[in-house]
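Student: Mapping of the sequence shown onto mature numbering (1 follows the signal peptide of the UniProt record, and there is no 0): residues -26 to -1, 1 to 404, in sequence order.
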Amino acid sequence: MKQRGRHRRRRRGRALRAFLAGTALALTAAATMISASQATVTDDPGALEPLARSAVARQARLTEEAVPPGSLDRLTAAMGTPVGVGEVLADADRTLRAAPDCASGERRALPVAPAATRVYCWNADDTHGWQPGAVTTSGDADGDGRWGAHRVVLSGWSAPDHATGGGRLARVAFVDADDPGHLSYTWVLLAIPVEGGLDYRALASHVSGMVWYRNRLLVTADDGDRAGLYVFDLDRVQRAGVAGRAVGRVPGGWSAHGERYVLPAVAAYRLDGGPGAPRPAALSLDRSTTPDSLVAAEWTLPGDGRHARLWRYSLSTVPQRAGLLSTDATGRAEPTGAYETRASGVRGVLARGDTWYVTRPAGSGDERGSLWRQDPDGARAARCGDESTQRCWSEGTPSLSYWEETGEVWTQSGRVLFALPMAALDDAAE
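1. The beta strand (DSSP E) that contains G352, what's its start and end?
2. What first and last residue would you give for the alpha helix (DSSP H) that runs through D401?
3. What residue from A40, S368, E378, G227 has the CA that sits closest to C83's CA?
4. Quick one: what does DSSP say T16 is sitting in, helix, strand or coil?
5. Just tell me which of L128, G44, A26 has its CA closest to the CA of T385.
6. Beta carbon of S373, beta carbon of G119: below 8 Å?
7. Select from G279, E308, H281 the residue whose C-alpha is nearest the C-alpha of D246.
8. Straight-line CA distance for A51 to S45?
9. Which partner residues does H124 have in the DSSP bridge list?
10. Counting only the same chain and skipping the five closest in sequence on each side, list residues whose C-beta sits under 7 Å from that of T301.
11. Give me the residue from S290, G370, D349, P276 with the minimum Cα distance to G322.
12. When you compare only the Cα positions, how much space is there between T160 and V41?
13. Relative to the alpha-carbon of residue 448, which residue among C358, P254, W104 has its alpha-carbon at the smallest distance?
14. Using CA coordinates, which residue listed in W377, A403, F392, L163 is at the minimum distance from D116?
15. Whose C-beta lies closer than 8 Å to the C-beta of R286 among residues of the same chain, with five residues either side of it excluded?
16. Which residues in the same chain have their Cβ closer than 6 Å to the Cβ of G130, if we skip the five residues on either side of it in sequence?
17. I'd like to confirm the pairing. Which residues does DSSP put opposite T385 in its beta bridges?
18. Please list the terminal residues of the continuous alpha helix (DSSP H) segment that includes R295.
19. Can you tell me whether DSSP reads S375 as helix, strand or coil?
20. Looking only at C-alpha atoms, which of A73, F148, G54 sits nearest to A393?
21. According to DSSP, is T69 part of a helix, a strand, or is it coil?
22. Which term fits R125, buried or exposed, when burial requires 16 or more other beta carbons within 10 angstroms of its beta carbon?
23. Tell me, please, whether the stretch 169 to 176 touches the stretch 203 to 211 by the rule of three or more beta-carbon pairs shorter than 8 Å.
24. With DSSP collapsed to three states, give me the class of P254.
25. According to DSSP, which residues form a beta bridge with P24?
26. Report the partner residues of M184 according to the DSSP bridge assignment.
27. With which residues is V216 paired in a DSSP beta bridge?
28. Within 10 Å of its beta-carbon, does R347 have 16 or more other beta-carbons around it, so buried, or fewer, so exposed?
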């Protein structure tokens, strides 16, 4: 079990900086520059508008529902002793391709500016039919950037469940990032215990938002799974020993849709707001607040004119509730602050205090998306070196994760996982 007190430590020695320093890739030749007609600034979202906490609290309130301990114990008794993150990484049997081995079509998913300094590509045969989603790292989990002895990246993916003829599947790649020149990984299926722990089913949701904090993994759940967030305990990864496309108990043991590991949920946060309530779709961690906070944003459709809401929840400081949201005596978690942005088509979100970063996908006729830095005073887009060009970002990044110990932001687009310095992002938006 991870020592709880370590999440505040900051190890910024020369060795760590050298490990993840990176050299900016020459993307000019790898990415197609956009035309001036596409790049004209026409949709500046302006300053963030603070929202009254009382109004947002009624809609964005979440109620915590823990999976009964007896159900988890019953599942563990049937499946065997859980394994930890280190054991999963030791069993990694797949390798991400380094930047030179990425195809030109894959590299077009990278931003023009700021340039990515770390680039890795997923294998087509391993991700065919799966939709990329959120990214989180051991930099979120612990302030020293490690989980135990390892640096780790978690990458979420989802796909239709063709075996059952409906619903979805969600899985997470546990990536060993100790050696930046060789990232290896293995898959873990996300699941929900059912029948009092006698069985489990697949999490039927996209993985659009995901944050690893302490030993808990918080994952967004869309309309398909009737919750705001699900919580998974990374000390409770279970082995699934039966191959095949089934999910759950099968003759001879347990199956996880062909994966060797399954991670059952330990809790859920249900939405209280009813129709029109903002649903957490993008997540990130903000360590600049006291206490640390979970940042959330709702997704909106590009060009629909509806303003997106951004808000945050405090994370619990109670040792026994490490990694869970701060709740009142009734189990309710209310937002501690909220804003509205005029940016349409919001996808990824990141915040450091009152400064927020939102990504927007490519619009009609555009080749690239945009990334905006907003605060209550105004907004600036990351630009391609010219004041008139803002369509410089990746065409689609559903999440942003800030690795504070290294100063990098991690995300993914298509089959490309990449990172860049936060300082470079800020420079591009000056």
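Yeah, the Cβ is synthetic: ideal placement off N, Cα and C, and Gly gets one too.
Tutor: In this structure, then:
1. Numbered from 1 along the sequence shown, position 378 holds the residue referred to as residue 352. In the DSSP assignment, G352 falls within the unbroken beta strand (DSSP E) covering 352 to 355.
2. Locating residue 401 in the sequence shown gives position 427, counting from the first residue. Where D401 is concerned, the enclosing alpha helix (DSSP H) stretches over 396 to 402.
3. Counted from its first residue, the sequence shown places residue 83 at position 109. The sequence given here has Ala at residue 83, not Cys. When A40, S368, E378, G227 are compared, the shortest CA-CA separation from A83 is found for S368.
4. Within the sequence shown, residue 16 is the residue found at index 42, counting from 1. Its pLDDT being 45, under 50, T16 is placed unreliably in this model, and the coordinates cannot settle the point.
5. Counting from one through the sequence shown, the residue named residue 385 turns up at place 411. Minimum Cα distance to T385 is reached at L128.
6. For the purposes of this step, residue 373 is taken as the residue at position 399 of the sequence shown. For the purposes of this step, residue 119 is taken as the residue at position 145 of the sequence shown. Judged by their CB atoms, S373 and G119 are not nearer to each other than the 8 Å cut-off.
7. Working through the sequence shown from its first residue, we reach residue 246 at position 272. If we check each option's Cα against that of D246, E308 comes out closest.
8. One-based indexing of the sequence shown puts residue 51 at position 77. One-based indexing of the sequence shown puts residue 45 at position 71. The alpha-carbon of A51 is positioned some 10 Å away from that of S45.
9. Stepping through the sequence shown from its first residue, residue 124 is reached at position 150. H124 is bridged to W121.
10. If you number the sequence shown from 1, residue 301 lands on position 327. The answer, listed in chain order, is E38, A307.
11. The residue given as residue 322 occupies position 348 in the sequence shown. The option with the nearest alpha carbon to G322 is G370.
12. To locate residue 160, count along the sequence shown from 1; it is residue 186. To locate residue 41, count along the sequence shown from 1; it is residue 67. Whole-angstrom Cα-Cα distance: 26 Å.
13. The chain is shown from -26 up to 404; residue 448 falls before or after that span and cannot be answered.
14. Here residue 116 refers to the residue found at position 142 of the sequence shown. D116 has its Cα closest to that of W377, out of W377, A403, F392, L163.
15. Here residue 286 corresponds to residue number 312 of the sequence shown, with the count starting at 1. Only D260, T263, S267, L268, V269, A270, P309, T310, G311, A312, A325 meet the Cβ criterion.
16. Within the sequence shown, numbered from 1, the residue matching residue 130 stands at position 156. So the list reads G107, A108, V146, V181, M184, once near-sequence residues are dropped.
17. As a working note, residue 385 is residue 411 in the sequence shown. Looking at the DSSP assignment, T385 forms a beta bridge with F392.
18. Counting from one through the sequence shown, the residue named residue 295 turns up at place 321. It is not in any alpha helix (DSSP H) - R295 carries neither H nor E in the DSSP assignment.
19. In the sequence shown, residue 375 corresponds to position 401, counting from 1. In the structure shown, the three-state DSSP call for S375 is strand.
20. Position 419 of the sequence shown, counted from the start, is the residue given in the question as residue 393. Ranked by Cα distance from A393, the options A73, F148, G54 are led by A73.
21. As a working note, residue 69 is residue 95 in the sequence shown. The answer is strand: DSSP assigns T69 an E or B state.
22. Counting from 1 along the sequence shown, the entry for residue 125 is found at position 151. R125 should be labelled buried.
23. Touching, no.
24. Residue numbering aside, residue 254 sits at position 280 when the sequence shown is read from its first letter. DSSP, read as helix, strand or coil, puts P254 in coil.
25. Looking up residue 24 in the sequence shown gives position 50. For P24, the beta-bridge partners assigned by DSSP are Y313.
26. To locate residue 184, count along the sequence shown from 1; it is residue 210. According to DSSP, which records beta bridges pairwise, M184 is partnered with V193.
27. Numbered from its first residue, the sequence shown carries residue 216 at position 242. In the DSSP output, where bridge partners are listed per residue, V216 has S229.
28. Translated into positions along the sequence shown, residue 347 becomes position 373. Its Cβ being crowded by 16 or more others within 10 Å, R347 is buried.
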